[in-house]
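For reference, the structure discussed in these notes is given below.
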Amino acid sequence: MAQLIHIEKPIETSKIKNFIRQTQSVCPDCLKILPANVFERDGKVFMSKICPTHGECEELYFGSYEMYKKFSTYWMDGKGTLAPNVPIEKCACPTNCGLCSNHLSHTGLGNMIITNRCDLTCWYCFFYVKKGLEGAYVYEPTMEQMTAMIRTLRAQRPVPGNSMQITGGEPTLRDDLPEIVSMIKREGVSHVQLNTNGINIALRPDLAMTLKKAGVSNLYLSFDGTTAKTNPKNHWEAPHTIEACRKAHLGVVLVPTCIKSINDHELGDILRFAQTNIDTVRAISYQPVSLTGRMSKKEREKYRITIPDCIERVEEQTNGEVTKDDWFPIPSCSPVTHFVEAFTKKPQYELSIHFACGAGTYVFFDPETKKLIPITKFVDIKGMLEFLEEKTEELESGANRYLIAAKFLSKINSFVNKEKQPKGLSLAKLLTAALLKHDYSSVGQFHLNSMFLGMMHFQDKYNQDEERLQRCDIHYVTPDLRIIPFCSFNVIPEWYRDRIQQKYGIPIEEWEKKTGEKLEQRLYRGTMRRNIQKHEMNQMACATQAAHIEPITGT
Amino acid sequence: MERKFEPLKGLEKLYIRGISLTPSSPSVRFDETLDLTVRFSLAGGARDAFNQETWHKAYENWDKLYRMTYNVGIKKGGVISKTLVTQKFVRKASFYWTRNPDLNPDYSKKIWVMIILEGREPTIPKDEGNSRTMLFDVEKTFRVLGSDLGKGKHTLKAYAKASWGRHIFGEKGSTKKISVPITVTCK
Chain A
1 MAQLIHIEKP IETSKIKNFI RQTQSVCPDC LKILPANVFE RDGKVFMSKI
51 CPTHGECEEL YFGSYEMYKK FSTYWMDGKG TLAPNVPIEK CACPTNCGLC
101 SNHLSHTGLG NMIITNRCDL TCWYCFFYVK KGLEGAYVYE PTMEQMTAMI
151 RTLRAQRPVP GNSMQITGGE PTLRDDLPEI VSMIKREGVS HVQLNTNGIN
201 IALRPDLAMT LKKAGVSNLY LSFDGTTAKT NPKNHWEAPH TIEACRKAHL
251 GVVLVPTCIK SINDHELGDI LRFAQTNIDT VRAISYQPVS LTGRMSKKER
301 EKYRITIPDC IERVEEQTNG EVTKDDWFPI PSCSPVTHFV EAFTKKPQYE
351 LSIHFACGAG TYVFFDPETK KLIPITKFVD IKGMLEFLEE KTEELESGAN
401 RYLIAAKFLS KINSFVNKEK QPKGLSLAKL LTAALLKHDY SSVGQFHLNS
451 MFLGMMHFQD KYNQDEERLQ RCDIHYVTPD LRIIPFCSFN VIPEWYRDRI
501 QQKYGIPIEE WEKKTGEKLE QRLYRGTMRR NIQKHEMNQM ACATQAAHIE
551 PITGT
Chain B
1001 MERKFEPLKG LEKLYIRGIS LTPSSPSVRF DETLDLTVRF SLAGGARDAF
1051 NQETWHKAYE NWDKLYRMTY NVGIKKGGVI SKTLVTQKFV RKASFYWTRN
1101 PDLNPDYSKK IWVMIILEGR EPTIPKDEGN SRTMLFDVEK TFRVLGSDLG
1151 KGKHTLKAYA KASWGRHIFG EKGSTKKISV PITVTCK
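Laid out in structure tokens, this is it:
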């Protein structure tokens, strides 16, 4: 892991027009750590860095300067970790991730890869094990290894990891998945999310109930569009997966990877699809694409989309039902956390990622108008956050906590416009419970009444910003008992993901011999697609317009 | 996070220095507008200690947000005065770990500050002096109508109050001051 750290001399920032800030990044070719300038041009934010060997790399960083300014107001560094696995004195991002002493966010969501086998072979995916590639390994940690990983996550201080995503490959390919989920719950993790393409659940609907019983909180269901063209992965299967989850009372988060010129015209349709399944779909997590591999600037410009661009598409494609003003950066919830911490005098779970990493809003369904109502339409979010910040300071300055709680209760209603609030909803009550009870179940209750819309932009070598990486709270637990930020693990796989999977995996041939299975045996052959008649397809598939439906033959 | 720091000892309490009220003109017509500018600074120990070394201490103790609440206004009249205009606003200093080599040349002093003025986007000051000016120096211009004053001679004075919570820069407290009165005529 040791890397020579050579930091180039910074460019004089006074010479840069509309300079915003200076950070560090890597050269996409040689990974040399470089100073990088973030600046505004034509209402957008760009990043530029110059490698002495490979030249300049300029990349779109954030699609709207106006939104960048609004979001940057919520920049707040987090608590970090008091129990680092990699104690180092000087920060050397992106080397030595693990978490190191200099990381600024505890784990918000831990990821554990339980297999790198997949039942699909999507051309753009870099994550699954392929036969025929030299050095291809099947990576499937043992139960002992996984238990140790979860214990490492739980050993974090001041906030033990409490939210876990099981991921792959395709995790449902492991027959011991329910036992893995039960183990994670036994180790004290409250929230267990399963990242899946949902095909196995569509094929075996009883699996949803089995997983629910084992302790899965929700599925994180890959869902790239509402047409077979934009979502070849699980277009026909996803409705069956959702139906199985509906019967099992298992929540679903739809996860579209957003790619400009490929599916960015369907972000509104995805929201409409979620709306029609709002009893089961709890959230959408739009993920602007992370561009991997060597790409020319022209290609990057074709596919690159950022959080503000997606937010604007959602506004356009929902006819203004969810506008760009409805979104807040993820760290905007820090004042809520800090208030609860000051109130309880205990460190709390905090989402302290960089403001450019993620955004979110809550929408509520109005049964009368059949429309989605963003929370900002009837709650003065900014006012409430300011109020909480003020009360936090009072608590920390020695004010009586019961007096502050009383002030909070008397004031909370003034932030909610009851006339504009959807019928049957009492948001003030939900907010009070979530803030004063500050437990997992009251937050869950809030989620049951709403749908969360999120954006999470994972980085790549072109737009990588060490300031973002240092604050990343989506981490991977690994068998060497490190906790590695997502944007190191996947942006520099040669240092992290590939190296770890090779070290702890076994060659495909060995795996086949050991299990008596062939790797390709579990590939999905499109059986559901072939069995569904065309008229049934029109009913079952998730396209909102029948004209979009084209039968495909599967993999 | 429960913060267990002790505020720096021996710092002089913040106080308002040099409050003044300046009209754009000594007289105004009844149907015209007049700009009244209030200027003052906060001086004292917390201002003097507002430097990179103390930001570092604050950051290490999870004291990452320093808020200054200002209440500024103008009063009309002598002994019994009436508030003509008033504004409450908050300025914040948020301490963060910078990767800007200009601000942190040898990585020994990694913590820098962002100043958030009245709900606007944060500004990263160029140096410590610049950060003190942004947080502690206030200049507010209020635009009033001659009709708000009424015809005749008026005594106007500016008032300012600043308050803050318990931080590494000192215990919670407040300070207030009134400017020397000025006379404005409305015709």
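These protein sequence lines are chains A and B, in that order.
Each residue of the first sequence is one higher than the last, beginning at 1 in the working numbering.
Each residue of the second sequence is one higher than the last, beginning at 1001 in the working numbering.
No residue lacks a Cβ here, since even glycine has one placed at the ideal position from N, Cα and C.
Below 8 Å between beta carbons: does that hold for residue i and residue j?
| i | j | result |
| --- | --- | --- |
| L1149(B) | K1076(B) | yes |
| Q156(A) | T107(A) | yes |
| K1140(B) | Y1159(B) | no |
| Y349(A) | V138(A) | no |
| S72(A) | P1122(B) | yes |
| R313(A) | D279(A) | no |
| L203(A) | L219(A) | no |
| E466(A) | Q24(A) | yes |
| L34(A) | I20(A) | no |
| A1058(B) | F1089(B) | no |
| A208(A) | P178(A) | no |
| M149(A) | H191(A) | no |
| P485(A) | C97(A) | yes |
| P374(A) | Y74(A) | no |
| V289(A) | I270(A) | no |
| L453(A) | T361(A) | yes |
| P479(A) | K423(A) | no |
| Y476(A) | N111(A) | yes |
With which residues is residue i paired in a DSSP beta bridge?
| i | result |
| --- | --- |
| W1097(B) | I1111(B) |
| C57(A) | K49(A) |
| Y65(A) | For Y65(A), which the question treats as bridged, DSSP gives no partner whatsoever. |
| Y286(A) | M455(A) |
| P35(A) | Q24(A) |
| K1177(B) | A1160(B) |
| A1043(B) | Y1015(B) |
| E301(A) | DSSP output for E301(A) lists no bridge partner at all. |
| S222(A) | V255(A) |
| F19(A) | F39(A) |
Give me the residue from the options with the minimum Cα distance to residue i.
| i | options | result |
| --- | --- | --- |
| D326(A) | T210(A), M455(A), W511(A), I50(A) | M455(A) |
| K346(A) | K229(A), L153(A), K79(A) | K79(A) |
| D42(A) | R471(A), C57(A), F62(A) | F62(A) |
| R1017(B) | R1039(B), P1026(B), V1028(B) | R1039(B) |
| E1006(B) | T81(A), G358(A), F365(A), S397(A) | S397(A) |
| I1074(B) | V1180(B), K1187(B), T1185(B), V1090(B) | V1180(B) |
| D460(A) | P94(A), A342(A), I113(A), V86(A) | P94(A) |
| I201(A) | T210(A), T241(A), R186(A) | T241(A) |
| L1036(B) | K1187(B), G1146(B), K1161(B) | G1146(B) |
| A283(A) | L388(A), P331(A), L254(A), N277(A) | L254(A) |
| Y65(A) | H235(A), P52(A), M47(A) | M47(A) |
| E636(A) | A136(A), Q275(A), F39(A), M528(A) | Nothing can be reported for residue 636(A), as the shown portion of chain A is limited to 1 through 555. |
| A244(A) | R272(A), C258(A), P205(A) | P205(A) |
| L109(A) | K44(A), N162(A), T527(A) | N162(A) |
| I113(A) | I483(A), R525(A), K518(A), R522(A) | I483(A) |
| K557(A) | E144(A), T515(A), E520(A) | As shown, chain A starts at 1 and ends at 555. That puts residue 557(A) outside it, with no answer to give. |
| G1119(B) | S1027(B), M1068(B), K1013(B) | M1068(B) |
| E144(A) | L133(A), L221(A), Y124(A), D176(A) | D176(A) |
| H265(A) | L469(A), E40(A), I184(A), Q317(A) | Q317(A) |
State the CB to CB distance for the pair residue i and residue j, rounded to an integer number of angstroms; the pair is presumed to be in contact (CB under 8 Å).
| i | j | result |
| --- | --- | --- |
| I166(A) | I180(A) | 7 Å |
| Y1015(B) | G1044(B) | 5 Å |
| F504(A) | P28(A) | Correcting the residue identity first, residue 504(A) is Tyr in this sequence and not Phe. About 27 Å; that fails the 8 Å criterion. |
| V363(A) | S450(A) | 7 Å |
| E394(A) | G1170(B) | Contact doesn't hold; Cβ gap of about 16 Å is too wide. |
| F378(A) | Q421(A) | 5 Å |
| W1097(B) | D77(A) | 6 Å |
| K371(A) | E321(A) | 6 Å |
| I1115(B) | R1091(B) | 7 Å |
| K1153(B) | T1183(B) | 6 Å |
| G251(A) | S217(A) | 7 Å |
| S332(A) | L385(A) | 7 Å |
At a threshold of 7 Å, does residue i count as lining the ligand MG (C-beta to nearest heavy atom)?
| i | result |
| --- | --- |
| V1038(B) | Of ligands this structure carries none, so the ligand MG is not represented either. |
Which complete alpha helix (DSSP H) runs does the segment 1131 to 1166 of chain B hold, if anything under 4 residues is left out? If one requires a minimum length of 4 residues, the alpha helix (DSSP H) runs lying completely within the segment 1131 to 1166 of chain B are 1146 to 1149, in chain order.
Of all the alpha helix (DSSP H) runs that stay within the bounds of the segment 232 to 276 of chain A, which reach a length of 4 or more residues? Annotation note: the segment 232 to 276 of chain A contains the following uninterrupted alpha helix (DSSP H) runs of length 4 or greater, listed N- to C-terminal: 238 to 248, 267 to 276.
Would you list, in sequence order, the uninterrupted alpha helix (DSSP H) runs of no fewer than 4 residues that lie entirely inside the segment 421 to 496 of chain A? If we require 4 residues or more, the alpha helix (DSSP H) runs fully inside the segment 421 to 496 of chain A come out as 427 to 432, 440 to 448, 466 to 470, 486 to 489.
Along the chain, which unbroken stretches of the alpha helix (DSSP H) at least 4 residues long are found entirely within the segment 315 to 397 of chain A? Complete alpha helix (DSSP H) runs here, min 4: 334 to 344, 381 to 396.
What beta strand (DSSP E) runs, 3 residues minimum, are completely inside the segment 102 to 176 of chain A? Here the runs fully enclosed are 109 to 113, 163 to 167.
Taking only runs of the beta strand (DSSP E) that begin and end inside the segment 1060 to 1091 of chain B, which ones reach a length of at least 3 residues, in chain order? Counting only runs of at least 3 residues, the segment 1060 to 1091 of chain B fully encloses the following beta strand (DSSP E) elements, listed from N- to C-terminal order: 1065 to 1076.
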